[in-house]
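Chemist: Have a look at this one before I ask anything.
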Amino acid sequence: MPVTLDVWSDLVCPWCYIGKRRLSAALAGEEPGSVLVRWHAFQLQPELPAEGVAATAYFAAKFGGEERVRAIQDRVTAVAQDVGLDLRFDRQERAPNTLLAHRAVKLVRDPEAAIETLFAAHFAEGEDIGDRETVLRLLPDVDPAALDRGEGARAVDDDLEVAQQIGVTGVPFFVAGGRVAVSGAHEPELLRKVIAAGREQAAA
1 MPVTLDVWSD
11 LVCPWCYIGK
21 RRLSAALAGE
31 EPGSVLVRWH
41 AFQLQPELPA
51 EGVAATAYFA
61 AKFGGEERVR
71 AIQDRVTAVA
81 QDVGLDLRFD
91 RQERAPNTLL
101 AHRAVKLVRD
111 PEAAIETLFA
121 AHFAEGEDIG
131 DRETVLRLLP
141 DVDPAALDRG
151 EGARAVDDDL
161 EVAQQIGVTG
171 VPFFVAGGRV
181 AVSGAHEPEL
191 LRKVIAAGRE
201 QAAA
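In the UniProt record's numbering, the protein residues as written are 1 to 204.
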């Protein structure tokens, strides 16, 4: 019986992208099929309009000026490079509302691959993942009619509700075996310990 690993993340969160890479490294040391990863939606910027807003002005207002934003971005870019990611904040023109993209992830056969695609599009290419046509181009197996009908919204709402119930305030957030939780883009060694602890708790 595999141990479950529930992961909450947002598609515009650079630490979630880094955390995903570190999780992959952690899982490389596990027996194939021994960990069942379940991806869950979280929104850091739910207040944004569906069409998003201009990124530069939004983040300057949120973090206290463009100089402060650049310092934050430089720090996270350096950490990302250590896990093989090239974050191009200079290409991001829009700060998107991620609800549409999260719904789209719920409609694909391989959510993990879809999340990876959306992360790369947003952080490496500066794609607007809040835009319907962009999301459909990036995730061609999403049924446009299903997306337009609002399908996937219930699953996203469920993710957000559970996150609120268990006290998730920052992402990435990991829960192993339904009991052992840790917040943050931790190194693979710690994630392996969390998985091991979750496996022990689930078996107790």
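Backbone N, C-alpha and C define an ideal beta-carbon position, used for all residues, glycine too.
#1: With a threshold of 8 Å, are at least 3 pairs of Cβ atoms found where one atom belongs to the region 145 to 155 and the other to the region 111 to 121?
#2: Please return the same chain residues whose Cβ sits closer than 8 Å to the Cβ of R109, not counting the five positions on each side in sequence.
#3: Under a Cβ-count criterion, where at least 16 other Cβ atoms within 10 Å of its own Cβ denotes burial, should A163 be classed as buried or exposed?
#4: Who are the near neighbours of G170 in its chain, counting only those whose CB is closer than 8 Å to its CB and skipping five residues on each side?
#5: Under three-state DSSP, which class holds T4?
#6: For R70, tell me which candidate among G130, Q165, D82, F89 has the shortest Cα-Cα distance.
#7: So, P96 versus G29, is the Cβ gap smaller than 7 Å?
#8: How do the region 129 to 137 and the region 93 to 107 stand: do at least 3 beta-carbon pairs fall below 8 Å, yes or no?
#9: Apply the 10 Å Cβ neighbour rule to R68 and answer buried if 16 or more other Cβ atoms are within range, or exposed otherwise.
#10: Touching or not, the region 81 to 88 and the region 39 to 53, by the rule of three or more beta carbon pairs under 8 Å?
#11: Quick one: measure Cβ to Cβ for A176 and V3, integer angstroms, because I've assumed they're closer than 8 Å.
#12: Beta strand (DSSP E) containing H40: first to last residue?
#13: Buried or exposed: R38, going by 16 or more other Cβ atoms within 10 Å of its Cβ?
#14: Apply the 10 Å Cβ neighbour rule to G65 and answer buried if 16 or more other Cβ atoms are within range, or exposed otherwise.
#15: DSSP beta-bridge partners for A176?
#16: If you reduce the DSSP assignment to three classes, tell me which class A25 lands in.
#17: What first and last residue would you give for the alpha helix (DSSP H) that runs through residue 205?
#18: Output the distance between the C-alpha atoms of L136 and V105, rounded to the nearest integer angstrom.
#19: Check the C-beta distance from D10 over to F59 and give it rounded, since I have them as a contact under 8 Å.
#20: Need the endpoints of the alpha helix (DSSP H) that A72 sits in, please.
#21: Quick one: grab the DSSP three-state call for A185.
Modeler: So, from the data block:
#1: no
#2: D141
#3: buried
#4: Residues of the same chain with a CB within less than 8 Å of the CB of G170, apart from the 5 flanking positions on each side, are S183, G184 in chain order.
#5: strand
#6: F89
#7: no
#8: yes
#9: exposed
#10: no
#11: 6 Å
#12: 35 to 41
#13: exposed
#14: exposed
#15: For A176, which the question treats as bridged, DSSP gives the partners L5, V180.
#16: helix
#17: Past the edges of the chain, shown from 1 to 204, lies residue 205, and the structure says nothing about it.
#18: 11 Å
#19: 15 Å between Cβ atoms; not a contact.
#20: Before going on, a small fix: residue 72 reads as Ile here, not Ala. It spans 66 to 82 - the alpha helix (DSSP H) in which I72 sits, taken as one unbroken run.
#21: If DSSP states are grouped into helix, strand and coil, A185 belongs with coil.
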